[in-house]
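Protein chains: 2
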Amino acid sequence: MARIKILEYLTGTTDHPTVEMIYSRLLPEIPTLSKTTVYKTLELLVEANLARLLHMDENEARFDANVSDHGHFRCSRCGKVYDFEADLDSLETKGLEGFAVAEKNLIFKGSCPRCRTDRSGRIRG
Amino acid sequence: MARIKILEYLTGTTDHPTVEMIYSRLLPEIPTLSKTTVYKTLELLVEANLARLLHMDENEARFDANVSDHGHFRCSRCGKVYDFEADLDSLETKGLEGFAVAEKNLIFKGSCPRCRTDRSGRIRG
DNA sequence: TATATAATTGTAATGGTTACATCTTGGTAA
DNA sequence: TTACCAAGATGTAACCATTACAATTATATA
Ligand SMILES: [Mn+2]
Ligand SMILES: [Mn+2]
Ligand SMILES: [Zn+2]
Ligand SMILES: [Zn+2]
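Taken in order, these protein sequences are the chains called S and V. Take the first sequence: its letters are residues 0 to 124, numbered as in numbering that gives the first Met the number 0. Take the second sequence: its letters are residues 0 to 124, numbered as in numbering that gives the first Met the number 0.
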């Protein structure tokens with residue numbers, strides 16, 4: 000039950016939520032939910048390739064139900080994580096001869112459109 | 000004194016060492032060295048753009064004195080982190096209109112040449 | 001119902017990182 | 001030299017996301 004709700008929530012959002020975000024979001028709906036369950040479920044989802052684990056130079060991991068190849072932009076001011084398209088397949092690389100690439104990760108950082116024109120945004124890394 | 004040695008070591012290696020690696024490596028040379036100093040020094044080096052902080056889907060941060068634009072390949076078996084060249088400037092992206100990109104990070108994962116032919120390599124993530 | 005297995009929970013430990021107060025070093029002026 | 005100050009370095013404790021582990025609850029099957 001819990002894991003279905005977790006997958007549903009993850010599939011229906013583009014927020015790239017953390018464990019804490021998922022937990023506090025679903026707690027009203029599942030009052031018996033424990034954080035351990037969230038961790039365990041996300042581990043299973045990642046193993047089953049139904050979700051993707053993201054490390055965005057933060058102390059918390061983020062999760063993404065969008066498993067397709069795409070890049071992530073993290074705004075240093077508001078902390079939001081945005082998706083963007085990038086053609087990683089046609090990216091030219093040198094020095095990877097003999098390497099078996101299994102996973103590609105593209106992470107950009109900077110200021111999102113809203114924070115660029117908003118001086119009040121607090122810097123969050 | 001400590002911070003000079005730390006920068007020298009970082010500049011002279013391509014290992015992308017962790018704090019623990021830097022600390023244990025320099026301890027024989029600087030018996031009074033503390034891990035706090037390593038952390039603080041690396042923070043300063045990153046701020047001064049003399050080093051780069053890398054989060055490679057591990058629990059430990061890694062550091063790189065090579066500040067130029069390049070990609071990183073992490074072997075899932077032996078854990079080693081390799082450099083490779085990638086032309087990120089000419090990478091085509093869609094969905095970043097209005098975004099101010101300040102930093103680009105490219106991380107690949109898989110098996111390095113040595114581990115591909117060596118079945119004995121232990122899986123480390 | 002009885003039994004086994006899967007799912008969930010609670011608590012404690014782990015470990016990298018940060019905060020903070022203290023101590024040491026190096027330079028500068030009187 | 002001596003006094004003084006600021007930068008550098010150290011040690012300890014707290015912080016906090018994550019993991020380990022044992023216990024409990026729900027679900028399925030015979
Ligand atoms: Mn995404
Ligand atoms: Mn590098
Ligand atoms: Zn923003
Ligand atoms: Zn390897």
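Just so it is clear, CB atoms sit at the ideal spot from N, CA and C, and this is done for glycine as well. In this text the structure is predicted, and so the values were computed from the model without any measurement.
S/S33 in three-state terms, based on DSSP: DSSP places S/S33 in coil when its eight states are reduced to three.
Three-state secondary structure assigned by DSSP to V/T12: coil
Within 9 Å, strictly: CB atoms of S/V66 and S/D14: No Cβ-Cβ contact shorter than 9 Å links S/V66 with S/D14.
Distance CB(S/I21)-CB(S/V45) smaller than 9 Å: Not closer than 9 Å, so no.
Residue-level contact to chain V via CB, S/T10, 9 Å cutoff: In terms of beta-carbon proximity, S/T10 stays away from the interface with chain V, with every pair separated by 9 Å or more.
Exposure label - V/P30; buried when at least 16 CB within 10 Å: exposed
Proximity test, S/D86 beta-carbon vs ligand 1 heavy atom, cut-off 8 Å: Distance from the C-beta of S/D86 to the nearest heavy atom of ligand 1 is not below 8 Å.
Beta carbon of S/R73 nearer than 9 Å to that of S/E59: At the C-beta level, S/R73 and S/E59 stay beyond 9 Å of one another.
Residues near ligand 3, criterion Cβ-heavy atom distance below 5 Å: S/C74, S/R76, S/C77, S/C111, S/C114
Test item: CB-CB of V/R113 and S/A99 under 9 Å: no
Top-ranked residue by Cα proximity to V/L90, from V/S33, V/R2, V/G70: V/G70
Distance cut 6 Å, beta-carbon to ligand 1 heavy atom: residue list by chain order: Answer in sequence order: S/H15, S/D63, S/N65, S/H69, S/H71, S/D82.
Three-state secondary structure (DSSP) of V/R202: This structure does not reach residue 202 of chain V, given that chain V is present from 0 up to 124, and the question cannot be answered.
Bridge-paired residues (DSSP) for V/D82: Looking at the DSSP output, V/D82 shares a beta bridge with V/H71.
Helix, strand or coil at S/A1 [DSSP, three-state]: helix
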